[in-house]
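Following: one structure in C-alpha cells, then a few remarks.
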Amino acid sequence: MAKAEAKAEGDGATSASSGRSAAMRPIGTMWGWLALLMGIAAGAGWVPAAVKLSERIPPTDPGPATSLFDLLVFGPLIAIAVVLGLLSRQPVLRSGARPLLWTLTGLAFGTIAILSTAGFAWLSGGLRPALQPAAAVPGLIALGVALTLLQSGAEEVLFRGWLQPALTARIGVPGGVLACAVIFAAFHAISAIPSWISVVNLVLGGVWFGLLALRSGGILAPMAAHFAYNVIEDCGFGLVPNGGPNGNEWAGPLGALHDLDLVGAPLWGSGPEGLNASLGLTAALLAMILPLLAPPVRRPVPVVVRGPLPNHRLI
2 MAKAEAKAEG DGATSASSGR SAAMRPIGTM WGWLALLMGI AAGAGWVPAA VKLSERIPPT
62 DPGPATSLFD LLVFGPLIAI AVVLGLLSRQ PVLRSGARPL LWTLTGLAFG TIAILSTAGF
122 AWLSGGLRPA LQPAAAVPGL IALGVALTLL QSGAEEVLFR GWLQPALTAR IGVPGGVLAC
182 AVIFAAFHAI SAIPSWISVV NLVLGGVWFG LLALRSGGIL APMAAHFAYN VIEDCGFGLV
242 PNGGPNGNEW AGPLGALHDL DLVGAPLWGS GPEGLNASLG LTAALLAMIL PLLAPPVRRP
302 VPVVVRGPLP NHRLI
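Take my numbering: the last position of the sequence shown gets the number 316, and nothing is skipped along the way.
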C-alpha cells in the first residue's frame, strides 16, 4: 500500500513537472522570438544612427576619414552579434569543420564570382580602363583591404554567425537560410532603395553565404567569399563607386590597383549601382549556389570484422 501511494505521489510530481514545462514552453518560445526581433532591430537601427554620427567627422584625408566611418558603422555590429549570441547561448564566432580548407574554398568561390561577373561586363564591351585613373597609393590600398575585411567580417558575424542559426532553430534550415538572406538584402537597402535586380542579387548573395556557413559549420567560409568578392571589386578593380562613361569619379576613397570603369548597358553593371545590378552577377551567384545544394558526400564507415566471415573456411 505504501509503495502504491509512493508511486502515485511520484506520478503526480512527474505530471506536475511536465505540466509546468508545457506551460513554460510558449513563454520561452515567445521570449526567443522577441529577442530575435530585438536583435534585428538593434542591428538595423545602428546603421542609420552611425551614418548620422559619421556626418560629424570633420573632413580630413581619405584614410583617417574612411577608417573612422567603417569603425563607427561595422565595429559595433560585431559587438551586437557577440552579445546576442551570449544572450541566446549561441556561439557566433565559430570556425567550423576543416577551417583552413573551407577558408580557401570561400576565397576561391569569391574570386571566381567577381572575375566571372567582371568577365560578363567585359564581354559585353562594358569594362575599360578609367579615363582619369586614380593614383594607386600602396598604403591606402592596404588600408582598404583591411577595412574590407572588417566590413565583410562584421556582416558575416551578424548574419551568418548569429541570425541564421537563430532562424533555422525556429523555422527550419531552408526557411532560416532564405529568411536570413532576405533580411541581409533589406539591411543593404536601409540607406537607399536599390533596383529590383540588385535586390535579387543581394538575396542570392545571402543564400550563397548562408549555404557556405551551413556546409562548413562556421563563418570562415562565407567571410572569406564575401571578402574576396568585395576586395577584388573595390581595391583590385576600383569598381566601387562606378566611374561610369565619363570616368569622373574616384575609384573609391582609397584608390585601387587597377582603376576600371563600367560603361555600356546598365544590365551588365554600368549603372550607378555597379555590378550589384548586373545580370552577370546573377549568373555567377547561381553558379556558386548550385554546387552547395548538392548533398554532401558521406564517407563509408569502415567495418571491423572480428573473426571469420560466415561460410568462410580457414585452411
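We put the beta carbon where it would ideally sit given N, CA and C, even for glycine.
Residue i, DSSP secondary structure in three states
| i | result |
| --- | --- |
| Pro130 | strand |
| Asp262 | strand |
| Leu85 | helix |
| Val93 | coil |
| Ala187 | helix |
| Arg171 | helix |
| Ile220 | coil |
| Phe238 | coil |
| Gly270 | coil |
| Val208 | helix |
| Ile115 | helix |
| Pro296 | coil |
Within 8 angstroms, strictly: CB atoms of residue i and residue j
| i | j | result |
| --- | --- | --- |
| Val158 | Ile79 | yes |
| Leu240 | Leu261 | yes |
| Phe321 | Gly207 | This structure does not reach residue 321, given that the chain is present from 2 up to 316, and the question cannot be answered. |
| Ile81 | Ala42 | no |
| Gln91 | Pro175 | no |
| Ala98 | Gly173 | no |
Cβ-Cβ separation, residue j to residue i (assumed contact under 8 angstroms), whole Å
| i | j | result |
| --- | --- | --- |
| Arg161 | Gly211 | 6 angstroms |
| Val48 | Ile191 | 5 angstroms |
| Leu255 | Leu141 | 4 angstroms |
| Pro292 | Gly107 | With 8 angstroms as the limit, Pro292 and Gly107 do not qualify as a contact, their Cβ atoms being about 13 angstroms apart. |
| Leu144 | Gly64 | 6 angstroms |
| Ala214 | Ile220 | 6 angstroms |
| Ala137 | Ala257 | 7 angstroms |
Contacts around residue i, its chain only, beta-carbon distance under 7 angstroms, and the 5 residues preceding and following it disregarded
| i | result |
| --- | --- |
| Glu234 | Ile115, Leu240, Val241 and Leu276 |
| Glu274 | Pro195, Ser196 and Ser199 |
| Thr118 | Leu276, Ser279, Gly281, Leu282 and Ala285 |
| Gly265 | Ser125, Gly126, Gly127 and Ser271 |
| Thr149 | Phe228, Asn231, Val232, Asp235 and Cys236 |
| Asp71 | Leu148, Leu151 and Gln152 |
Proximal residues to residue i (C-beta, below 6 angstroms), its chain only, five neighbours per side dropped
| i | result |
| --- | --- |
| Val74 | Ala51 |
| Gly245 | For Gly245, the predicted model reports a pLDDT of 48, less than 50, meaning its position is unreliable and no value from the coordinates is stated. |
| Thr169 | Gly177 |
| Leu205 | Leu286 |
8 angstroms CB neighbourhood of residue i in its chain, flanking five on each side removed
| i | result |
| --- | --- |
| Trp269 | Phe121, Ala122, Ser125, Gly127, Leu263, Ser279, Leu280 and Gly281 |
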